[in-house]
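Student: Note that the sequence shown covers residues 2 to 381 in the working numbering.
Idealized CB from N, CA, C, for every residue including glycine.
Everything numeric in this text was worked out from a predicted model, so none of it was measured.
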Amino acid sequence: MKLFGIISLTVIAHVEFAVAACPFCGPVGLTLGEKFTQADSVVLATWQKADTKDETSTFQVVQIARDSLASLKKNGELTVGQYRQGKAGDLFLLTGSGDEIIKWDRPIEITEIGYYYVAQAPSREALPQKRLSYYLRFLQTRDDTIANDAFAEFAKAPYEHLLLIQDQLKRERIRGWLESKSTPVNRVGLYALMLGLCGNSEDAEWMKKEIQKRPEGDFRFGLDGMIAGYLLQTGIKGLDWVDETILTAKRIPDGEAYEAMKAFEFLWTFNRKQFGAERLKKSLRLNLDRVSLGELVIRDLARWKDWEVRERVFKLYGKKGYEYPRARQAIIGYLVACANDDDDSANVPEHVLAAHGYLGEIKKQDPKNYRRYARGLEPK
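1) Let me make sure I understand the geometry here. Which of K104, A127 and S183 has the alpha-carbon closest to that of Q141?
2) Using the rule of at least 16 other Cβ atoms within 10 Å of the residue's Cβ for burial, across every protein chain shown, is L1 buried or exposed?
3) Could you have a look at A151 and say whether DSSP puts it in helix, strand or coil?
4) Let me check one thing: in DSSP terms, what residues is T57 bridge-paired to?
5) If I measure Cβ to Cβ from K50 and keep anything under 6 Å in the same chain, skipping five residues before and after, which residues do I get?
6) Have a look at the DSSP bridge pairing and note the partners of V62.
7) Can you tell me where the alpha helix (DSSP H) with S284 in it begins and where it stops?
8) Count the other CB atoms, across all protein chains shown, that sit within 10 Å of the CB of Q275; report buried if there are 16 or more and exposed otherwise.
9) To the nearest whole angstrom, what separates the beta carbons of L196 and G230, a pair I think is in contact under 8 Å?
10) So, at 7 Å on beta carbons, what are the nonlocal neighbours of Y84 in its own chain, with the 5 sequence-adjacent residues on each side left out?
11) Closer than 8 Å by C-beta to K3: which residues in its own chain qualify, once you throw out the five before and the five after it? Chain order, please.
12) Taking buried to mean at least 16 other C-beta atoms within 10 Å of its own C-beta, is Y118 buried or exposed?
13) Is the shortest distance between the beta-carbon of A151 and the beta-carbons of chain B less than 8 Å?
14) Looking at V29 and K424, is the spacing between their C-beta atoms short of 8 Å?
15) Alpha carbons only, please: which of K316, Y371, C26 and G200 is nearest the one belonging to P159?
16) Which residue from H352, L297, K238 and E260 puts its Cα closest to that of A331?
17) Taking N76 as the reference, give the member of Y192, L45, W305 and D344 with the closest Cα.
18) So what does DSSP say about G295, is it helix, strand or coil?
19) Can you tell me where the alpha helix (DSSP H) with F25 in it begins and where it stops?
20) Between which residues of its own chain and E113 is the CB-CB distance below 7 Å, once the five residues before and five after are set aside?
21) I want to check one thing, is the minimum distance from the CB of E351 to the heavy atoms of the ligand ATP below 7 Å?
22) So the candidates are G236, A264 and L233; which of them puts its Cα closest to the Cα of L248?
23) CB-CB under 8 Å to W207, same chain, minus the five flanking residues each way: which ones, in chain order?
24) Does DSSP put E206 in a helix, a strand or coil?
25) Tell me the rounded alpha-carbon separation between A122 and D204.
26) Report the residue ranges of all alpha helix (DSSP H) runs contained in full by the stretch 310–362; include only those spanning at least 4 residues, in chain order.
27) What residue does the alpha helix (DSSP H) around E180 start on, and which one ends it?
28) What number of angstroms, rounded off, separates the C-alpha of D145 from the C-alpha of A153?
29) What three-state label does DSSP hand Y371 in the structure shown?
30) How would you call N201, buried or exposed, if buried means at least 16 neighbouring beta carbons within 10 angstroms?
31) Under three-state DSSP, which class holds R143?
32) Does DSSP put S72 in a helix, a strand or coil?
33) Pull the bridge partners of R221 from the DSSP assignment, please.
34) Could you tell me which of L302, L165 and R188 sits nearest to L198, measuring between CA atoms?
35) Does DSSP classify L128 as helix, strand or coil?
36) Between D342 and V349, is the Cβ-Cβ spacing less than 8 Å?
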């Protein structure tokens, strides 16, 4: 299985690390459960015919899960304003909403088992551990619609909710998923994180070898989750290894260094006490040597209040690779945050004084951009 993903450092927008969903799963659309819950009417139906001219599809109702207008009949005919190809007898999940007339969503092809999977799922108000425990059973089921939906439920779940079912994660099963060639690559980050929560030293060594693999190209699916899972197992010793193997190795593509950054952001958010704030800052700083990541690193350093590299950041202003607007904005933003990090004590901290001085230099050398990017943010 190819464990590596596609990220373009030329177009990627780096945002503050999201804690409202799985950190290594990527974006997903509405789950079947969300559609089921939000709809006023839900039915299981068989495809009968479709009309390209009217752009409609006609179904025969098999099961009625919800009927807000009491207008549906079992075995009755139902025509929806959505053109959907199919074969006679194909099963579809139909959802729709409306106060007087139901506006039907695009029909979703589904198996009978898939329908009952949705209908029997715990409600959205159920305890998160109960919900994830239910979906855990279906992550690698043979029905792709069900498996993809179960993954989407995990992708939308906060990391804290995953911790609630940590004791239900079976290392042999999850390791098998990661090693299987049939596992979709977009699930690797989640499964690697799970293995980090339930694995052992043998699994840590396996993840280490996966991280060391060098496929062609600069992009690797799931590497961020693989690094995070490995670090959950190995702690500071593993962090030292990542620094040496990925961050300080010039032959390593910037894409891999970026994936390591995302793993560090995860640790900063959820495991800062275990690793120590200063130790995580030390690792993040190493990416300042990579020009393509510099702007992103500077924004994180400001958010983490790492003022030890203030002079180094200041000296990057306007240098080759840092002339573009977002880089200038990131550097000025970092120095403004540094200058404002004063607890109003009698003795002004050294980093605050230094940042004021650096900002004064930038204002003198580049007044136009200083006004543009420091407007509304100027230090107190």
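Tutor: Reading off the structure:
1) The sequence position of residue 141 within the sequence shown is 140, counting from 1. Measuring from the Cα of Q141, the nearest candidate turns out to be S183.
2) Any answer about residue 1 is impossible in this case: the structure gives the chain only from 2 up to 381.
3) In the sequence shown, the residue the question calls residue 151 occupies position 150. A151 falls in the helix class under three-state DSSP.
4) Working through the sequence shown from its first residue, we reach residue 57 at position 56. Among the bridge pairs identified by DSSP, T57 is matched with D52.
5) The count along the sequence shown starts at 1 and reaches residue 50 at position 49. Here the set comprises T59.
6) Taking the sequence shown and counting its residues from 1, one reaches residue 62 at position 61. As DSSP reads the structure, V62 sits in a beta bridge with A46.
7) For the purposes of this step, residue 284 is taken as residue 283 along the sequence shown, with counting starting at 1. Per DSSP, the unbroken alpha helix (DSSP H) holding S284 starts and ends at A278 to R286.
8) Your numbering for residue 275 matches position 274 in the sequence shown. Of the other Cβ atoms in all chains shown, fewer than 16 fall within 10 Å of the Cβ of Q275; this residue is therefore exposed.
9) Position 195 of the sequence shown, counting from 1, holds the residue named residue 196. Position 229 of the sequence shown, counting from 1, holds the residue named residue 230. Contact between L196 and G230 holds, since their C-beta atoms are separated by about 5 Å, short of 8 Å.
10) The residue given as residue 84 occupies position 83 in the sequence shown. Taken in chain order, the residues that qualify are A51, T53, E56, T57 and S58.
11) Walking along the sequence shown from the start, residue 3 turns up at place 2. Caution applies to K3, whose pLDDT of 33 falls short of 50 and renders its modelled position unreliable; the model cannot decide the point.
12) The residue labelled residue 118 in the question sits at position 117 within the sequence shown. Buried, because 16 or more other Cβ atoms sit within 10 Å of the Cβ of Y118.
13) The structure shown contains no chain B; it holds only a single protein chain.
14) Absent from the structure is residue 424, since the part of the chain shown begins at 2 and ends at 381.
15) Position 158 of the sequence shown, counted from the start, is the residue given in the question as residue 159. In terms of Cα proximity to P159, the closest of K316, Y371, C26 and G200 is C26.
16) The residue you call residue 331 lines up with position 330 of the sequence shown. Residue nearest to A331 within the set H352, L297, K238 and E260 is L297 (criterion: CA-CA distance).
17) Residue numbering aside, residue 76 sits at position 75 when the sequence shown is read from its first letter. The option with the nearest alpha carbon to N76 is L45.
18) Counted from its first residue, the sequence shown places residue 295 at position 294. The three-state reading of DSSP puts G295 in helix, counting H, G and I together.
19) Locating residue 25 in the sequence shown gives position 24, where the first residue counts as 1. No alpha helix (DSSP H) holds F25; DSSP gives it neither H nor E.
20) By 1-based counting over the sequence shown, the position of residue 113 is 112. Excluding residues within five positions, the ones whose Cβ falls inside 7 Å are L92.
21) In the structure shown, the ligand ATP is absent, as is every other ligand, since no ligand is present at all.
22) Indexing the sequence shown from 1 puts residue 248 at position 247. Check the Cα spacing between L248 and each of G236, A264 and L233: the tightest is with A264.
23) The residue you call residue 207 lines up with position 206 of the sequence shown. Cβ-Cβ distances below 8 Å link W207 to R176 in the same chain, with the five nearest sequence neighbours on each side left out; the list follows chain order.
24) Residue numbering aside, residue 206 sits at position 205 when the sequence shown is read from its first letter. For E206, the secondary structure class from DSSP, reduced to helix, strand or coil, is helix.
25) As a first step, residue 122 is located in the sequence shown; it is residue number 121 there, counting from the start. As a first step, residue 204 is located in the sequence shown; it is residue number 203 there, counting from the start. Straight-line Cα distance between these residues: approximately 32 Å.
26) For the stretch 310–362, whole alpha helix (DSSP H) runs of length 4 or above, ordered along the chain, are 311–316 and 326–341.
27) As a first step, residue 180 is located in the sequence shown; it is residue number 179 there, counting from the start. That run of the alpha helix (DSSP H) goes R172 to E180.
28) Counting from one through the sequence shown, the residue named residue 145 turns up at place 144. Counting from one through the sequence shown, the residue named residue 153 turns up at place 152. Put simply, the backbone Cα of D145 is about 12 Å away from that of A153.
29) As a working mapping, residue 371 is identified with position 370 in the sequence shown. Y371: helix per DSSP, three-state reduction.
30) Indexing the sequence shown from 1 puts residue 201 at position 200. Taking a 10 Å sphere around the C-beta of N201, we find fewer than 16 other C-beta atoms and assign the residue as exposed.
31) Start at 1 with the first residue of the sequence shown, and residue 143 comes out as number 142. Looking at R143 - three-state DSSP - the assignment turns out to be coil, as it is neither helix nor strand.
32) Locating residue 72 in the sequence shown gives position 71, where the first residue counts as 1. In the structure shown, S72 sits in coil (DSSP, three-state: anything other than H, G, I, E or B).
33) By 1-based counting over the sequence shown, the position of residue 221 is 220. In DSSP, R221 forms no bridge with anything.
34) As a first step, residue 198 is located in the sequence shown; it is residue number 197 there, counting from the start. Comparing Cα positions, the closest option is L165.
35) Position 127 of the sequence shown holds residue 128. Correct three-state label for L128: coil.
36) Counting from one through the sequence shown, the residue named residue 342 turns up at place 341. Counting from one through the sequence shown, the residue named residue 349 turns up at place 348. V349 is positioned such that its CB atom lies no closer than 8 Å to that of D342.
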